[in-house]
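*Asks:* Heads up: the sequence shown runs through residues 246 to 673, numbered per our numbering.
Here it is, the structure in full.
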Amino acid sequence: MSTQSSQQENKSDEDLGSALVTARRQLERATTHVNVDEGVIERLKHPTRVEQVSVPLKRDNGDVEVFTGYRAQHDDVRGPYKGGLRYHPEVNAEECIGLSMWMTWKCAVMDLPFGGGKGGIAVDPKSLSEEETERLTRRFAEELRHVIGPTMDVPAPDMGTDAQTMAWFMDAYSMQQGETITGIVTGKPPIVGGSEGRDAAPGRSVAIITREAIEYYDKEIEETTVAVQGFGSVGSNAAKLLDDWGAKVVSVSDVNGGIYDPNGLDTYAIPSHHEEPEAVMAHEAPETVTNNELLELDVDVVIPAAIGNVLTEENADDVDADIVVEGANGPTTSAASEIFAERGIHVVPDILANAGGVTVSYFEWLQDINRRQWPLERVNKELEEHMLEAWDDVRQEVEAKDLTWRDAAYVVALSRIAEAKSTRGLWP
Ligand code: GLU
């Protein structure tokens, strides 16, 4: 924690933008590159609704504590709201709105028939026992029951939640509805309607997009060095795949800090957060680095795959990589994005790079509707195809209009959403 809080202290006020501030700035910036009706843009600045609920929990010692939960539903013009539920002490309404906006663009960039949602509970999941997490999740499902549904709003895992959380959530919802409704959430364990390959999908998509970016900028993957911040689901899966494909992963980190080996780390020997939480620093390596030092290493590619707002105007000038691939949601503030654009550092945005998660969520949703599971090979094959199509759509905008990757991804997303909005019209 100390590294993250000292990073926070180093940021200027301007740079401490919430997810909502960053998301709105990105939207405004993108509108200058795309010919979209102003009324549509105005509508997209506001979420359809934000549900705030109190979630009472009986602690293991018998005490009762009340937590605050949220579900922000940004836009559903192209299909049900879709996005994760996060358990984190800093969850608040503004953050959920910003994150739900990113889900709208993410689903549109991937051309999925979903809109954007995000929610969560302001709680430190590390302070809860497993039984407490289950009780809290079940009560949260009940509190949200009237605003969600398999064709209305479909939650999924995010920071601090996982497949087991989704299983409890699905069970609570189904018990109240009187029938098993697997499609209420995605990211479930495969035995209860989850999809093979869903857990690894966000990291897999980050690896695929990193590989494409490396090739696009005329580098050989075997000669590419990569630093990955965060060794949770996204970071560890991305690092391992890139390692498989020949890249040299020289640094990885968790919340306590990172390890660095200029000759490349054996990513398979380092326990991921899921296998053994916060164990990165215990792995033998020639050097250790702080989470901020990792971002400034002399490498070809940096992948921030932990928390938001880690690349700021304070450290953007010191980033040495040529390519940044956003594994986390919102790791780069608007000020840092501008510095990177001026410095010619290519930033491939979260809404493209980590979109494998929601893409396989879509596959899971289809499997639930059809009551038919796909083998892992099919999931990974279709994920690869979807990622390459989206990469290509965004690449065309980068080239046609000389845009940053983020602006180009927004152009692709906004064009699709605006067309859907104008085709449906405004009612009444
Ligand atoms: N929470 C993930 C994200 O930020 C996945 C959302 C989903 O699968 O619905 O993209």
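Ideal Cβ placement from N, Cα and C applies to all residues, glycine included.
No experiment lies behind these values; they were computed from the predicted model shown.
Given this structure, state the Cα-to-Cα distance separating D369 from T455, to the nearest angstrom.
*Replies:* Within the sequence shown, the letter at position 124 stands for residue 369. Within the sequence shown, the letter at position 210 stands for residue 455. D369 and T455: Cα-Cα distance of roughly 32 Å.
*Asks:* Taking 7 Å as the line, does the beta carbon of D398 fall inside it for any heavy atom of the ligand GLU?
*Replies:* Counting from 1 along the sequence shown, the entry for residue 398 is found at position 153. Not so, every heavy atom of the ligand GLU lies at least 7 Å from the Cβ.
*Asks:* Counting C-beta neighbours from all protein chains within 10 Å, is the total for Y655 16 or more, i.e. buried, or is it exposed?
*Replies:* Position 410 of the sequence shown holds residue 655. Y655 is buried by the Cβ-count criterion.
*Asks:* When the distance is taken between beta carbons, is M346 closer than 8 Å to G362?
*Replies:* Taking the sequence shown and counting its residues from 1, the one referred to as residue 362 is at position 117. Taking the sequence shown and counting its residues from 1, the one referred to as residue 346 is at position 101. Contact: no.
*Asks:* Measure the C-alpha to C-alpha separation of R588 and V547 and round it to an integer number of angstroms.
*Replies:* Indexing the sequence shown from 1 puts residue 588 at position 343. Indexing the sequence shown from 1 puts residue 547 at position 302. Those two C-alpha atoms are separated by around 15 Å.
*Asks:* Here's the rule: buried if 16 or more other CB atoms are within 10 angstroms of the residue's CB, otherwise exposed. What is T382?
*Replies:* Along the sequence shown, one-based indexing puts residue 382 at 137. It is buried - the Cβ of T382 has at least 16 other Cβ atoms within 10 Å.
*Asks:* Determine the extent of the beta strand (DSSP E) in which Q474 is found, giving its start and end residues.
*Replies:* Here residue 474 is taken as the residue at index 229 of the sequence shown, counted from 1. Its beta strand (DSSP E) spans residues 470 to 474.
*Asks:* As an exercise, report each continuous beta strand (DSSP E) stretch of at least 3 residues that is fully enclosed by the region 542 to 605, in chain order.
*Replies:* Here the runs fully enclosed are 546 to 549, 568 to 570, 591 to 593.
*Asks:* If you drop the 5 nearest sequence neighbours on each side, which residues of the same chain put their C-beta closer than 6 Å to that of D499?
*Replies:* Reading the sequence shown from its first residue, position 254 is the one you call residue 499. Only F476, E523, V525 meet the Cβ criterion.
*Asks:* Out of curiosity, what's the CA-to-CA distance linking E335 and T431?
*Replies:* As a position in the sequence shown, residue 335 is number 90, starting the count at 1. As a position in the sequence shown, residue 431 is number 186, starting the count at 1. Those two C-alpha atoms are separated by around 23 Å.
*Asks:* Taking only beta-carbon atoms, is P370 less than 8 Å away from chain B?
*Replies:* Within the model displayed, chain B is absent; a lone protein chain is all it includes.
*Asks:* Please determine whether the Cβ atom of N574 lies at a distance below 7 Å from any heavy atom of the ligand FAD.
*Replies:* What this structure holds is the ligand GLU, not the ligand FAD.
*Asks:* Starting from P402, trace the alpha helix (DSSP H) in both directions and tell me its first and last residue.
*Replies:* Locating residue 402 in the sequence shown gives position 157, counting from the first residue. Here P402 belongs to no alpha helix (DSSP H); instead the beta strand (DSSP E) covers 398 to 402.
*Asks:* Who are the near neighbours of E629 in its chain, counting only those whose CB is closer than 7 Å to its CB and skipping five residues on each side?
*Replies:* Within the sequence shown, residue 629 is the residue found at index 384, counting from 1. So the list reads I453, once near-sequence residues are dropped.
*Asks:* Name the DSSP bridge partner or partners of D499?
*Replies:* Translated into the one-based positions of the sequence shown, residue 499 becomes position 254. G502, per the DSSP bridge assignment.
*Asks:* What are the start and end residues of each continuous beta strand (DSSP E) run of 3 or more residues lying completely inside the region 276 to 361, in chain order?
*Replies:* For the region 276 to 361, whole beta strand (DSSP E) runs of length 3 or above, ordered along the chain, are 294 to 303, 309 to 320, 326 to 333.
*Asks:* Less than 7 Å between the CB of D320 and some heavy atom of the ligand GLU, yes or no?
*Replies:* Locating residue 320 in the sequence shown gives position 75, where the first residue counts as 1. The answer is no for D320.
*Asks:* Rounded to whole angstroms, what's the CA-CA distance from V534 to D545? Just pull it up for me.
*Replies:* Position 289 of the sequence shown, counted from the first residue, corresponds to residue 534. Position 300 of the sequence shown, counted from the first residue, corresponds to residue 545. Each residue's Cα considered, the two are about 17 Å apart.
*Asks:* Around the Cβ of S517, are there at least 16 other Cβ atoms within 10 angstroms (buried) or fewer (exposed)?
*Replies:* Working through the sequence shown from its first residue, we reach residue 517 at position 272. The residue in question, S517, is buried, as its Cβ has 16 or more Cβ neighbours within 10 Å.
*Asks:* Output yes or no for whether 8 Å exceeds the beta carbon distance between F585 and V592.
*Replies:* Counting from one through the sequence shown, the residue named residue 585 turns up at place 340. Counting from one through the sequence shown, the residue named residue 592 turns up at place 347. In this structure, V592 lies closer than 8 Å to F585 by Cβ.
*Asks:* Could you tell me the boundaries of the alpha helix (DSSP H) in which T427 lies?
*Replies:* Counted from its first residue, the sequence shown places residue 427 at position 182. Segment: none, T427 is in no alpha helix (DSSP H) and carries neither H nor E.
*Asks:* Out of P673, N574, A663, which has the shortest C-alpha to C-alpha gap to R651?
*Replies:* Here residue 651 corresponds to residue number 406 of the sequence shown, with the count starting at 1. Looking at the Cα atoms, N574 is the closest of the given residues.
*Asks:* Helix or strand or just coil, what does DSSP make of G670?
*Replies:* For the purposes of this step, residue 670 is identified with residue 425 of the sequence shown, where counting begins at 1. Reduced to three states, the DSSP call for G670 is coil.
*Asks:* Does the Cβ-Cβ distance between V497 and G491 come in under 8 Å?
*Replies:* One-based indexing of the sequence shown puts residue 497 at position 252. One-based indexing of the sequence shown puts residue 491 at position 246. No, the Cβ-Cβ distance between V497 and G491 is not below 8 Å.
*Asks:* Going by DSSP, what residues sit across from I366 in a beta bridge?
*Replies:* Numbered from its first residue, the sequence shown carries residue 366 at position 121. Beta-bridge pairing links I366 to G314, Y332.
*Asks:* Applying the 10 Å Cβ sphere with the 16-neighbour rule, what's the burial state of H519?
*Replies:* Numbered from its first residue, the sequence shown carries residue 519 at position 274. It is exposed - the Cβ of H519 has fewer than 16 other Cβ atoms within 10 Å.
*Asks:* For the pair the region 400 to 409 and the region 319 to 336, tell me if three or more CB-CB distances fall below 8 Å.
*Replies:* The region 400 to 409 vs the region 319 to 336: in contact.
*Asks:* DSSP three-state call for E529: helix, strand or coil?
*Replies:* Indexing the sequence shown from 1 puts residue 529 at position 284. In the structure shown, E529 sits in coil (DSSP, three-state: anything other than H, G, I, E or B).
*Asks:* For the ligand GLU, is there any heavy atom lying closer than 7 Å to the beta carbon of G477?
*Replies:* Against the sequence shown, residue 477 aligns to sequence position 232. No - the ligand GLU has no heavy atom lying nearer than 7 Å to the Cβ of G477.
*Asks:* Under a three-way DSSP split, which group does G405 fall into?
*Replies:* The count along the sequence shown starts at 1 and reaches residue 405 at position 160. In the structure shown, G405 sits in coil (DSSP, three-state: anything other than H, G, I, E or B).
*Asks:* Grab me the residues of S667's own chain with a C-beta within less than 8 Å of its C-beta, minus the 5 sequence neighbours each way, in chain order.
*Replies:* Your numbering for residue 667 matches position 422 in the sequence shown. The answer, listed in chain order, is D282, V285.
*Asks:* Between the Cα of G328 and the Cα atoms of I596, P673, L633, Q641, which residue gives the shortest distance?
*Replies:* The residue labelled residue 328 in the question sits at position 83 within the sequence shown. The shortest Cα separation from G328 among I596, P673, L633, Q641 belongs to I596.
*Asks:* How many angstroms separate the CA atom of S582 from the CA atom of L542?
*Replies:* Counted from its first residue, the sequence shown places residue 582 at position 337. Counted from its first residue, the sequence shown places residue 542 at position 297. Computed Cα separation, rounded: 18 Å.
*Asks:* Tell me which same chain residues have a C-beta within less than 8 Å of the C-beta of K290, skipping the five on either side of it?
*Replies:* The residue labelled residue 290 in the question sits at position 45 within the sequence shown. Cβ neighbours of K290 beyond the five flanking positions: R269, L272.
*Asks:* Measuring from the CB of N482, is there a heavy atom of the ligand GLU at a distance below 7 Å?
*Replies:* Position 237 of the sequence shown holds residue 482. No, the beta carbon of N482 sits no closer than 7 Å to any heavy atom of the ligand GLU.
*Asks:* Measuring straight from C-alpha to C-alpha, what distance separates D463 and L487?
*Replies:* By 1-based counting over the sequence shown, the position of residue 463 is 218. By 1-based counting over the sequence shown, the position of residue 487 is 242. Whole-angstrom Cα-Cα distance: 17 Å.
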